[in-house]
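In this note's numbering, the protein residues as written are 3 to 194.
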């Protein structure tokens, strides 16, 4: 029913069901690389890659539901198909779905037209929804890893400049323009 390394169903004995205090996140996407990236950032998530698997798990209740539109390795598919993220939205909007009424829906498809329609349908049916294409969470992305130390950046920049100079001129990099001597470098003047 579900796929991926963390595609386990809820087990009441594990304490990850509704009311457990753990964030419950469902992620629908057909791209294993995207799923791997998402699961690295959100290890508590459950990944599914098909509409049927997603709908089956939606009945259990979630805090966040991340939906892609274009599934099955295809791009820019018709919103009327039964194998796309819009099919999940149609199922949600056909009647009130108590387990996910309070869930936050994030539509992460690159298909802007379909994603906009998905968000609009969810909002019109009183679900909390937003459009956020996958990979455009710049603030989140920047907060996951510490930035390199300034000294490392300068050193890397100098190495890059030296490499470019060697490639462009076909010779070792020049030492640069001579700089004027610093007063501290001069010999002390003799006193009278």
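Beta carbons: idealized from backbone N, C-alpha and C, even for Gly. Small disclaimer: the values here were computed from a predicted structure and weren't measured.
Alpha carbon of residue i to alpha carbon of residue j, nearest angstrom
i, j, result
"residue 97", "residue 33", "29 Å"
"residue 38", "residue 171", "43 Å"
"residue 109", "residue 99", "18 Å"
"residue 88", "residue 120", "6 Å"
Cβ-based neighbour list, residue i, same chain, cut-off 8 Å, excluding 5 preceding and 5 following
i, result
"residue 105", "63, 64, 65, 66, 67, 129, 130"
For residue i, three-class secondary structure by DSSP
i, result
"residue 29", "strand"
"residue 114", "helix"
"residue 122", "helix"
"residue 47", "coil"
"residue 136", "coil"
Contact set for residue i: own chain, Cβ-Cβ below 6 Å, skip 5 residues either direction
i, result
"residue 56", "30, 50, 90"
"residue 40", "29"
Status (buried if at least 16 other CB within 10 Å, exposed otherwise) for residue i
i, result
"residue 124", "buried"
"residue 107", "buried"
Range of the contiguous alpha helix (DSSP H) that encloses residue i
i, result
"residue 105", "Unbroken run through residue 105: none, as it is neither H nor E."
"residue 93", "87-96"
"residue 53", "53-60"
Other residues of its chain near residue i: CB distance less than 7 Å, five sequence neighbours each side excluded
i, result
"residue 82", "none"
"residue 74", "32, 85"
Limits of the unbroken beta strand (DSSP E) element including residue i
i, result
"residue 68", "66-69"
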